[in-house]
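In order, the protein sequences belong to chains G and D. Every number in my numbering is 8 more than the matching position in the first sequence, counting from 1. Every number in my numbering is 8 more than the matching position in the second sequence, counting from 1. Where is the CB? At the ideal position from N, CA and C, for every residue including glycine. The next block holds one structure in the form of structure tokens; read it before the comments.
There are 2 protein chains.
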Amino acid sequence: DERRIELKHGAGGTAMRDLVNETLAANFSDPADALVCLADMDDGAVVPIGDANLVVTTDTHVIDPPFFPGGDIGRLAVSGTVNDLAVMGATDVRGLTSAVVVEANYPVANLERIADSMAATCAEADAPVVTGDTKVMGNGELDGVIVNTAGVGIAEHVTPDAGLSPNDVVIVTDSVGEHGISLLAEREGIEFGSDLESDVKPLNGLLAAALETAGEGVTAMKDPTRMGLAGALNELARKSGVGIEIREERVPVTSDVKGTGEMLGLDPFQIANEGVAVLGVAPTAAEDVLTALRDHPKGTNAAAIGKAIDDHRGRVVLDTGIGNRYLREPASEPAPRIC
Amino acid sequence: DERRIELKHGAGGTAMRDLVNETLAANFSDPADALVCLADMDDGAVVPIGDANLVVTTDTHVIDPPFFPGGDIGRLAVSGTVNDLAVMGATDVRGLTSAVVVEANYPVANLERIADSMAATCAEADAPVVTGDTKVMGNGELDGVIVNTAGVGIAEHVTPDAGLSPNDVVIVTDSVGEHGISLLAEREGIEFGSDLESDVKPLNGLLAAALETAGEGVTAMKDPTRMGLAGALNELARKSGVGIEIREERVPVTSDVKGTGEMLGLDPFQIANEGVAVLGVAPTAAEDVLTALRDHPKGTNAAAIGKAIDDHRGRVVLDTGIGNRYLREPASEPAPRIC
Ligand SMILES: Nc1ncnc2c1ncn2[C@@H]1O[C@H](COP(=O)(O)OP(=O)(O)OP(=O)(O)O)[C@@H](O)[C@H]1O
Ligand SMILES: Nc1ncnc2c1ncn2[C@@H]1O[C@H](COP(=O)(O)OP(=O)(O)OP(=O)(O)O)[C@@H](O)[C@H]1O
Ligand SMILES: [Mg+2]
Ligand SMILES: [Mg+2]
Ligand SMILES: [Mg+2]
Ligand SMILES: [Mg+2]
Ligand SMILES: [Mg+2]
Ligand SMILES: [Mg+2]
């Protein structure tokens with residue numbers, strides 16, 4: 009085997025999934041009692057602890073630059089893991105871990121900013137860091153700082169990617185693309201008159217409101233991270249064995265994101281978010297969930313963007329207003345290290 | 009604040025603890041119901057889930073080289089986290105996470121070896137990886153591959169660092185120093201006629217045997233990792249508010265480790281292990297625990313090396329055979345990236 013790792017292997021798409029299934033997790037075996045496990049490739053795993061559903065998740069955050077308009081690696085690390093728990097149904101976070109790896113010679117003041125941002129985001133999400141780890145690599149052995157956050161939470165009702173049924177309404181909680189587009193714009197050094205910035209944020213409070221309103225009426229949830237909205241919708245469709253029909257005009261995208269995306273040649277549907285969730289909701293509950301989301305300060309832009317259907321299984325059909333096309337999962341990330 | 013991160017900040021000793029307390033975790037707040045939390049700086053945190061004590065822990069493994077005599081980064085990553093859970097009393101591992109960060113251009117075949125080694129160690133420890141993450145950094149942005157493993161487990165009886173009482177017997181489960189000394193010898197390019205190699209291994213099965221025998225008679229446990237046996241004993245003494253008296257001649261050290269340590273100027277008491285645990289055991293239970301440990305294939309070298317005492321509080325007194333001296337926590341690791 010002469011193959012080498014390429015950037016696409018870390019992009020969250022097909023190349024990564026193949027590497028995980030064929031190499032990284034090829035010989036792992038799931039515990040017999042896991043409710044959601046490795047084979048499901050969901051946002052986290054679910055293992056029973058007595059009567060409780062314990063959700064477990066992990067993400068390493070390698071974002072470059074670590075400070076960006078609208079956030080930083082600390083806010084991203086807490087939000088990312090809180091959101092993976094929340095979209096599994098675990099809006100009640102019982103503990104986060106903070107594992108920092110930093111390069112020798114890194115400014116302590118920067119670490120301080122990152123840690124303070126983590127603490128503020130933890131307070132915002134009512135999600136405590138309970139334990140951590142700190143490692144230092146030699147100068148030149150690591151580009152700056154990276155942060156792994158794992159997390160555990162309790163889900164009363166588990167909302168897996170595979171939960172969609174035909175006719176379930178598909179809701180997005182916020183406009184898409186701000187995080188990835190603003191980050192790449194910043195990286196390209198593009199100046200805006202506008203205030204385009206990342207909307208990275210923890211969503212467990214918002215999603216708890218949806219779950220309180222509809223309970224099992226919320227059938228599936230996912231955060232559209234590295235592969236963007238297009239990636240998340242395709243995964244939901246594939247795992248649920250349904251088609252998904254999306255009305256393009258209904259997907260909230262700000263004009264700044266649209267404009268900058270066009271300038272950079274980037275599709276806002278195909279770029280990383282970390283402050284947005286996609287929900288599947290039973291048709292009878294959809295109206296109430298949408299109202300509950302919009303009543304929450306983090307859900308004012310929530311929109312019903314389409315629904316699950318019985319044909320086109322495993323695929324996402326985009327109604328562009330003048331006809332239909334398949335919305336495909338992007339082949340790869342447009343740029344590495346944006347989350 | 010003009011300070012820069014130095015290698016000592018990742019060494020597990022005073023400099024790291026100060027960085028954690030003053031910077032990395034300065035503004036984190038512990039959940040009200042945590043039984044063991046950040047402030048305790050123990051091997052993991054303990055949060056209640058219904059009636060169960062859930063132990064949560066994390067470690068990033070940055071070892072260099074990733075393949076070494078006796079093991080590799082995969083075996084180390086699983087063992088390290090299983091052992092931090094086990095020394096908190098959570099020998100029943102409910103889930104591990106595997107978060108891999110790898111440099112572009114890294115050989116896929118090496119990742120395969122690492123993942124297979126993780127899988128084999130998971131099977132050995134009956135500790136399933138339930139979820140993971142994969143990120144790729146650009147060529148030159150990371151030196152090879154690092155692995156974060158977090159873990160959750162259930163403790164019937166929690167065994168914190170602070171659990172020692174005067175007269176508790178201090179037991180070590182194996183000879184010390186193999187891991188660190190063999191790794192540094194390898195790194196220095198020293199050739200041996202001997203078969204000196206790391207004894208990295210998961211210990212939850214062994215420690216379960218001790219807990220089954222003595223229950224609450226096992227009062228404290230810790231794994232002597234980055235700061236070696238000296239570091240672990242000093243932490244146990246400090247946190248428990250007792251002194252610890254150790255008989256030097258009773259501490260098992262192989263002659264290979266002794267000889268190579270002398271050649272390299274390294275003290276086997278002050279170097280990293282990952283396959284050794286230190287136990288505090290109530291005097292009435294000590295004999296039975298020692299027998300249970302020795303009856304287990306991973307505990308044949310177990311030895312009672314000393315006891316907790318009422319004076320010299322917070323310190324470790326080493327009886328050298330010709331007198332006493334304080335066994336101090338090493339000021340810093342002898343070398344970075346050995347675990
Ligand atoms: N190294 C690995 N070992 C085992 N499983 C992995 C590994 N990497 C990823 N996975 C699994 O693959 C699935 C997809 O992972 P991915 O990281 O894309 O999900 P995510 O965390 O929701 O997304 P993101 O990382 O973009 O936030 C998850 O179920 C995850 O557990
Ligand atoms: N970045 C961090 N944020 C919060 N707490 C931290 C951080 N780094 C370390 N800690 C805490 O400091 C204590 C000591 O950590 P340390 O990593 O030395 O323990 P360990 O994992 O048992 O040892 P090792 O990493 O050598 O195996 C732990 O309680 C840990 O939770
Ligand atoms: Mg996710
Ligand atoms: Mg994620
Ligand atoms: Mg650690
Ligand atoms: Mg430990
Ligand atoms: Mg450890
Ligand atoms: Mg991930």
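Would you mind sorting residue i into buried or exposed? The rule is 16 or more other CB atoms within 10 Å of its CB.
i: Tyr114 (chain G); result: buried
i: Asn118 (chain G); result: buried
i: Asp303 (chain D); result: exposed
i: Asn281 (chain D); result: buried
i: Asn332 (chain G); result: exposed
i: Met271 (chain G); result: exposed
i: Ala285 (chain G); result: buried
i: Asp319 (chain D); result: exposed
i: Glu257 (chain G); result: exposed
i: Glu224 (chain G); result: exposed
i: Ser263 (chain G); result: exposed
i: Ala222 (chain D); result: buried
i: Arg11 (chain G); result: exposed
i: Asp203 (chain G); result: exposed
i: Ala47 (chain G); result: exposed
How about residue i: is its C-beta nearer than 8 Å to some C-beta of chain D?
i: Ala311 (chain G); result: no
i: Glu194 (chain G); result: no
i: Ala33 (chain G); result: yes
i: Asp182 (chain G); result: no
i: Glu337 (chain G); result: no
i: Glu120 (chain G); result: yes
i: Val208 (chain G); result: no
i: Gly58 (chain G); result: yes
Please tell me whether residue i has its Cβ less than 8 Å away from any Cβ of chain G.
i: Ser37 (chain D); result: yes
i: Ala116 (chain D); result: Checking the sequence, you will find Val at residue 116 (chain D) rather than Ala. Val116 (chain D) counts as touching chain G.
i: Asn113 (chain D); result: yes
i: Thr328 (chain D); result: no
i: Gly282 (chain D); result: The amino acid occupying residue 282 (chain D) in the given sequence is Glu; Gly does not appear at that position. No - not a single Cβ of chain G is within 8 Å of the one on Glu282 (chain D).
i: Gly239 (chain D); result: no
i: Leu43 (chain D); result: no
i: Gly269 (chain D); result: no
i: Asp100 (chain D); result: no
i: Ala107 (chain D); result: yes
i: Leu46 (chain D); result: yes
i: Gly146 (chain D); result: yes
i: Glu149 (chain D); result: yes
i: Leu62 (chain D); result: yes
Less than 8 Å separating the beta-carbons of residue i and residue j?
i: Ala107 (chain D); j: Thr68 (chain G); result: yes
i: Gly283 (chain D); j: Asp182 (chain D); result: yes
i: Val86 (chain G); j: Met126 (chain G); result: yes
i: Gly267 (chain D); j: Pro276 (chain D); result: no
i: Gly21 (chain G); j: Leu172 (chain G); result: no
i: Asp327 (chain G); j: Glu220 (chain G); result: no
i: Arg323 (chain G); j: Ala216 (chain G); result: no
i: Leu84 (chain D); j: Val208 (chain D); result: yes
i: Met145 (chain G); j: Asp151 (chain D); result: yes
i: Ala112 (chain D); j: Ile330 (chain G); result: no
i: Arg336 (chain D); j: Ala228 (chain D); result: no
i: Leu93 (chain G); j: Cys130 (chain G); result: no
i: Val116 (chain D); j: Asp9 (chain G); result: yes
i: Val250 (chain G); j: Ile313 (chain G); result: no
i: Gly82 (chain D); j: Ala123 (chain D); result: yes
i: Ala128 (chain D); j: Val101 (chain D); result: no
i: Gly236 (chain G); j: Pro338 (chain G); result: yes
Closer than 8 Å, CB to CB, is residue i near chain B or not?
i: Pro342 (chain G); result: Given the protein chain composition of this structure (G and D), no chain B is represented.
Closer than 7 Å, Cβ to any Cβ of chain G: which residues of the stretch 14-29 of chain D, in chain order?
Glu14, Leu15, His17, Gly18, Met24, Leu27 and Val28
Name, going along the chain, the residues of the stretch 125-144 of chain D whose beta-carbon falls closer than 7 Å to a beta-carbon of chain G.
Ala127, Cys130, Pro136, Val137, Val138, Thr139, Gly140, Asp141, Thr142, Lys143 and Val144
Any chance the stretch 42-60 of chain G sits against the stretch 191-203 of chain G, with 3 or more Cβ pairs inside 8 Å?
no
Touching or not, the stretch 32-47 of chain D and the stretch 125-141 of chain G, by the rule of three or more beta carbon pairs under 8 Å?
yes
Three or more C-beta pairs below 8 Å linking the stretch 152-159 of chain G and the stretch 35-45 of chain G
no
Counting only Cβ-Cβ distances shorter than 8 Å, please list the residues of the stretch 155-176 of chain D near chain G, keeping chain order.
Asn156, Ala158, Val160 and Ile162
Anything in the stretch 66-90 of chain D with a Cβ closer than 9 Å to a Cβ of chain G? List those residues in chain order, please.
Thr66, Asp67, Thr68, His69, Val70 and Asp72
Stretch-stretch touch, CB-based, cutoff 8 Å, three pairs: the stretch 69-76 of chain G with the stretch 164-181 of chain D
no
Determine which residues of the stretch 218-242 of chain G have a Cβ less than 8 Å from any Cβ of chain D, and write them out in chain order.
none
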